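Here is the structure we will look at, set down as structure tokens.
There are 2 protein chains.
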Amino acid sequence: MSAHEQERPHVDKYIEALREFLRQPSISAQDRGVKECAQMLSEMMNRFGISSKLVPVKDGQPVVLGELKSGRADRTLLIYDHYDVQPPEPLDEWIHPPFSADLEDERIWSRGASDSKGNILAYLAAADVILRRGKELPINLKFIFEGEEEIGSPHLPEFVENNKDLLRADAVVCCDGGLDPSGSPVISLGLKGILYVEMRCSAAKTDLHSSRAPLVTNPAWRLVWALNTLKDRDGRIIVPGWLDDVKVPTTSDLEIADRIPFDEMKLKEEYGVKELLGGKVGADALRSLLFDPTCTICGFLTGYTGPKSKTVLPKSAFAKIDFRLVYDQDPDDLFRKLRKHLEAQGFADIEIDMLGRLEPSRTPPTASIVRAAAKAARNVYGVEPVICPNSPGSGPDYLFTKKLKMDSIWTGCAPAFSNAHAPNEFITRSSLASGIRYAVETIENFADPKL
Amino acid sequence: MSAHEQERPHVDKYIEALREFLRQPSISAQDRGVKECAQMLSEMMNRFGISSKLVPVKDGQPVVLGELKSGRADRTLLIYDHYDVQPPEPLDEWIHPPFSADLEDERIWSRGASDSKGNILAYLAAADVILRRGKELPINLKFIFEGEEEIGSPHLPEFVENNKDLLRADAVVCCDGGLDPSGSPVISLGLKGILYVEMRCSAAKTDLHSSRAPLVTNPAWRLVWALNTLKDRDGRIIVPGWLDDVKVPTTSDLEIADRIPFDEMKLKEEYGVKELLGGKVGADALRSLLFDPTCTICGFLTGYTGPKSKTVLPKSAFAKIDFRLVYDQDPDDLFRKLRKHLEAQGFADIEIDMLGRLEPSRTPPTASIVRAAAKAARNVYGVEPVICPNSPGSGPDYLFTKKLKMDSIWTGCAPAFSNAHAPNEFITRSSLASGIRYAVETIENFADPKL
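Right, dumping it as structure tokens:
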């Protein structure tokens, strides 16, 4: 009987543990059930033989830590994920209630099933599986599960800064990941950073009749003019110095990127567009997605926006702007450059607030944790994993790569199209079973010094 | 006993007629009570000896016409005003219910009291006063009262076009006007025109995660860039040909303008600003207010505009833009120029709709109706009237000056700060009494060929 078959009978146990975990809402954006969920997670870890503790965070959600020491190894792997979930709204689009964890068609339906409680469970189960085989763990495991990832991990930087020794390891697996549409696990070697700002301008103390336009500043015009100095019509960010710290992708990065399957037609259909931005195609489009810094107007509001017309000179205007950053741009440095640029352009009247920041991260493709996970992926899924040199999204990965100087990968077992951040989120029974095996083998492979 | 004193006993009668008129709501924006109010107005005119009829308007509100023929004169004066009113919201800020027409402190409190049912009543009463003196009217009077002024007079152009002969007169008094803060009647010789457009841009079929920014068009950026090509940071409208038809103010216009009292400090206090736009002061600020074409962003909406941050790439964006036009700019021509400009600038993807249009109007300061009203103003109010060569606001005046080739003035008896378009609108008993005398004398003066 293979190790694979030995695990089968236990999957039901892990499915039930996951369903219990899912039935406890943990909506960080609404502060709903998050602390209760942290408590439940910590207790579950203890049941699985992982020594766990819950660390309260002032004005935030608890961090759940865990440790499982090996008697025979010095090497340590840190597992990161988040136990909080997105809000379930709109509720009326769910076929199964969002916290029912109903099991139907071999799927568990619940908010958080694929993002990311299923992934947490896979790693807890992996430790349990190894221990139940009567084996000593081949490496030490540490766990850090936060409860604020879905709201931008606001307290994690300080927590990491204050707990460097506690978190020290030889590598990190951020298991908040999943499979690509063909069923291959994706292994991401880095994330873009983010600088999210709000720009505001105000003038008169009330909205005025628009006939007053010759006499009173229009904050909406000020904001349009100011935004226009940030990015040109070809999409280039033109704030002085913005690109100074950008490390262009290496030949190796580009080679790895070019191996990623990229279905342009499918993407265009999904977005409902005739062509991609700037007429990009194929490898160029994918390289742009992975490696280009961006500047996105996420929101803009001023004046009258109801039906028909109202002749109003607005008293204020604001815009929300999201800058995605690539290695090795620094959000704090760029925020200062942005402010300085606006002042230099004559827009000192525009207030600017930083609403979010995450630094970009990179792990080399040659890192041993990458090889450990890739070998596990080949064995468990029978396919080559998709190695992604840089993910277009953002996360707190830099805390591990930059602050703690560890290699870190993002990889998990969530199925593609499993409705993360949308109604009817699910995880399948078989993807959890594979995910447990993927975790077991990643851990075992990482123990091998010859890998 | 002077003519003045003879009228006194009758004022109460007109006050009561006005209160009845005010108690009938006529909110064109909400299609509330407008037709009933038109019926009431027509009946009231008949009671006052004015031969009146109500003309239904397809998909619109009725026009109320009236005529009073003189047995001894060929000269005719057309009186224009509107019987519809602004919505009364916010209701909880009214001390007296908005359609109670409560009489307190010598004031009648009601939506429409000063804008503009009081002004209508003043002219109806004026006709009645002259007839009751046992006199033949010195000129013919015609009346046109519309029920859609507060929503931009959408059906008046077609009505005027189809009823040119019916409306033919030697001059027009648009009595939707009032007094300045010092108590002097304002006589406006023209209005700015308006072109109100909505610009829209769409891209993906749904809002996307902002990490997709390298691949998908951001409609908010498209709109910001397009708007930026309309007006430069010094406030100059830079659409090619926009200013081609602008007639610069004449020396006479400027002389008249410079006589208008202009309290810059008070304006700045009212707006809550430290300085006027571009640091304008005194006569320059007033000239700009009266004579400059404008381009105002009245509204802009895209993406996420709630608290904190959301990383969204919006699927669409729209802006509402109000262009005020000066003599002799043509909104239809400018709309074509705007569309052509956007196409030439590479913004053919931006849809543009015309939501409103009014042409600018001008009447020469030497017109006899100006002299007739000015003389009446001096006699009734004991002060020089404020002659305004051009009003910063807009209205359907061009239908009279351009389409019917008549001189037209805007002047009325509403007190300054009488809360038009705001809660607690009122008219005072004495302002109505003076308004009736102002109307009587304007009519009588206009009959004098030697004026």
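Protein sequences, first through last, are from chains A and B. First residue of the first sequence: 1, per this note's numbering; consecutive thereafter. First residue of the second sequence: 1001, per this note's numbering; consecutive thereafter. All C-beta atoms, glycine included, are put in the ideal place defined by N, C-alpha and C. Predicted model only: the values in this text are computed from it and were never measured.
(Q) At the level of alpha carbons, what is the spacing between L1451/B and H1341/B? (A) In the second sequence, residue 1451/B corresponds to position 451, counting from 1. In the second sequence, residue 1341/B corresponds to position 341, counting from 1. Going from the Cα of L1451/B to the Cα of H1341/B covers about 49 Å.
Q: Could you check what DSSP says for L1189/B in three-state terms: helix, strand or coil?
A: Translated into positions along the second sequence, residue 1189/B becomes position 189. When secondary structure is reduced to three states using DSSP, L1189/B falls in the coil class, being assigned neither helix nor strand.
Original post:
With 8 Å set as the bound, which would you pick, yes or no: does the beta-carbon of R233/A sit closer than that to a beta-carbon of chain B?
Top reply: Along the first sequence, read from residue 1 onward, the residue named residue 233/A stands at position 233. Nearest CB-CB separation between R233/A and chain B: below the 8 Å threshold.
- Message: Taking the straight line between their C-alpha atoms, what separation do you get for T1217/B and D397/A?
- Response: Taking the second sequence and counting its residues from 1, the one referred to as residue 1217/B is at position 217. Taking the first sequence and counting its residues from 1, the one referred to as residue 397/A is at position 397. Each residue's alpha carbon lies about 28 Å from the other.
Task: T1305/B versus F300/A: straight-line alpha-carbon distance, rounded - done: Looking up residue 1305/B in the second sequence gives position 305. Looking up residue 300/A in the first sequence gives position 300. Pairing T1305/B with F300/A, the inter-Cα distance amounts to about 7 Å.
What does DSSP give as the partner residue(s) for N140/A in the beta ladder? Walking along the first sequence from the start, residue 140/A turns up at place 140. Looking at the DSSP output, N140/A shares a beta bridge with T76/A.
- Message: Closer than 7 Å between beta carbons: that is the criterion. Which residues of the stretch 321-351 of chain A meet it against chain B?
- Response: Close to chain B, meaning a Cβ-Cβ distance shorter than 7 Å, are the following residues of the stretch 321-351 of chain A: D322, R324.
Amino acids of chain B, ordered along the chain, whose beta-carbon sits closer than 7 Å to that of W225/A = Against the first sequence, residue 225/A aligns to sequence position 225. Taking the beta carbon of W225/A as reference, the chain B residues within 7 Å of it are N1228, R1233, listed in sequence order.
- prompt: Under three-state DSSP, which class holds V370/A?
  reply: As a working note, residue 370/A is residue 370 in the first sequence. DSSP places V370/A in helix when its eight states are reduced to three.
message = Can you tell me where the beta strand (DSSP E) holding K53/A begins and where it ends?
response = Walking along the first sequence from the start, residue 53/A turns up at place 53. In the DSSP assignment, K53/A falls within the unbroken beta strand (DSSP E) covering 51-55.
Are there three or more Cβ pairs, one per stretch, closer than 8 Å when the stretch 420-432 of chain A is compared with the stretch 376-387 of chain A?
No, the stretch 420-432 of chain A does not touch the stretch 376-387 of chain A.
Is P219/A helix, strand or coil when you go by DSSP? Taking the first residue of the first sequence as 1, we reach residue 219/A at position 219. Of the three classes helix, strand and coil, the one that applies to P219/A here is helix, per DSSP.
| message | Could you check if G241/A belongs to the surroundings of the ligand SAH, using beta carbon to heavy atom distance under 7 Å? | response | The ligand content of the structure shown is nil, which means the ligand SAH is not present either.
Could you have a look at S408/A and say whether DSSP puts it in helix, strand or coil? The sequence position of residue 408/A within the first sequence is 408, counting from 1. Strand at S408/A.
Q) Exposed or buried, E1007/B, counting other C-beta atoms within 10 Å across all chains shown (16 or more means buried)? A) As a first step, residue 1007/B must be located in the second sequence, where it is residue number 7. Only weak support exists for where E1007/B lies, its pLDDT of 48 falling under 50; the value from the coordinates is given anyway. Counting Cβ neighbours within 10 Å, E1007/B comes out buried, since at least 16 surround it.
### Query
The alpha helix (DSSP H) with V1160/B in it runs from where to where?
Position 160 of the second sequence, counting from 1, holds the residue named residue 1160/B. In this chain, the alpha helix (DSSP H) harbouring V1160/B covers 1156-1162.
Note to self: Using C-beta distances below 8 Å, list every residue in its chain close to E1104/B, excluding the 5 sequence neighbours before and after it, in chain order.
What the structure shows: Walking along the second sequence from the start, residue 1104/B turns up at place 104. Excluding residues within five positions, the ones whose Cβ falls inside 8 Å are H1096.
- Task: Give the residues from the stretch 1083-1113 of chain B that approach chain A closer than 7 Å (Cβ to any Cβ), ordered along the chain.
- Result: Residues passing the 7 Å Cβ filter: none.
Practice prompt. Starting from L1286/B, trace the alpha helix (DSSP H) both ways and give me its first and last residue.
Written response: On the second sequence, residue 1286/B is found 286 positions in, with the first residue counted as 1. Unbroken alpha helix (DSSP H) run through L1286/B: 1282-1291.
Continuous beta strand (DSSP E) stretch holding V172/A: start and end
Numbered from its first residue, the first sequence carries residue 172/A at position 172. Counting along the chain, V172/A sits inside the beta strand (DSSP E) bounded by residues 171-174.
Residues sharing a beta bridge with C1201/B, DSSP: Reading the second sequence from its first residue, position 201 is the one you call residue 1201/B. According to DSSP, C1201/B bridges with A1317/B.
For a test of the three-state rule: what should DSSP assign to W109/A, helix, strand or coil?
By one-based count along the first sequence, residue 109/A stands at place 109. Correct three-state label for W109/A: strand.
Item to complete: Give the residues of chain A in contact with G1299/B, contact being defined as C-beta atoms less than 7 Å apart.
Response: In the second sequence, the residue the question calls residue 1299/B occupies position 299. The CB of G1299/B comes closer than 7 Å to the CB of T302, G303, Y304, T305 in chain A, given here in chain order.
Alpha carbon of N1445/B to alpha carbon of A1373/B, nearest angstrom: To locate residue 1445/B, count along the second sequence from 1; it is residue 445. To locate residue 1373/B, count along the second sequence from 1; it is residue 373. Answer to the nearest angstrom: the Cα atoms are 7 Å apart.
| message | Give me the DSSP bridge partner(s) of G66/A. | response | Against the first sequence, residue 66/A aligns to sequence position 66. Beta-bridge pairing by DSSP links G66/A to S52/A, F143/A.
Element boundaries [alpha helix (DSSP H), containing V440/A]
Against the first sequence, residue 440/A aligns to sequence position 440. Here the alpha helix (DSSP H) through V440/A covers 429-446.
Fill in: Neighbour-count burial assignment, V281/A, 16 or more Cβ in a 10 Å radius
Counted from its first residue, the first sequence places residue 281/A at position 281. The residue in question, V281/A, is exposed, as its Cβ has fewer than 16 Cβ neighbours within 10 Å.
Who are the Cβ neighbours of R1212/B in its own chain at under 7 Å, not counting the five residues just before and after it? Taking the first residue of the second sequence as 1, we reach residue 1212/B at position 212. Result list for R1212/B: L1313, in chain order.
Notebook entry, point to check: If we cut at 8 Å on Cβ distances, does T1076/B have a partner in chain A?
Noted result: The residue labelled residue 1076/B in the question sits at position 76 within the second sequence. Not one chain A Cβ lies under 8 Å of T1076/B.
Q | Residues of the stretch 254-285 of chain A whose Cβ lies closer than 8 Å to any Cβ of chain B, in chain order | A | Along the stretch 254-285 of chain A, going in chain order, the ones with a CB nearer than 8 Å to a CB of chain B are L267, Y271, G272, V273, L276, L277, K280, A285.
Whole-angstrom distance between P1249/B and P1185/B, CA atom to CA atom: As a position in the second sequence, residue 1185/B is number 185, starting the count at 1. As a position in the second sequence, residue 1249/B is number 249, starting the count at 1. The C-alpha of P1249/B is placed about 23 Å away from the C-alpha of P1185/B.
- Message: Need the endpoints of the beta strand (DSSP E) that D349/A sits in, please.
- Response: Counting from one through the first sequence, the residue named residue 349/A turns up at place 349. No beta strand (DSSP E) holds D349/A; DSSP gives it neither H nor E.
Any idea if H209/A is buried or exposed, counting beta-carbon neighbours within 10 angstroms, 16 or more meaning buried? For this step, residue 209/A is matched to residue 209 along the first sequence. Flag for H209/A reads exposed.
Report task. Kindly say whether N1218/B, judged by its beta-carbon, lies nearer than 8 Å to any beta-carbon of chain A. Result -> Within the second sequence, the letter at position 218 stands for residue 1218/B. Yes, because at least one Cβ of chain A sits closer than 8 Å to the Cβ of N1218/B.
query: By how many angstroms is the C-alpha of I1436/B removed from the C-alpha of W1242/B?
result: Here residue 1242/B corresponds to residue number 242 of the second sequence, with the count starting at 1. Here residue 1436/B corresponds to residue number 436 of the second sequence, with the count starting at 1. A direct Cα-to-Cα measurement between W1242/B and I1436/B gives close to 43 Å.
Practice prompt. Name, please, each residue of chain B whose Cβ falls closer than 8 Å to the Cβ of G393/A.
Written response: Walking along the first sequence from the start, residue 393/A turns up at place 393. Those within 8 Å of G393/A in chain B are H1209, S1211.
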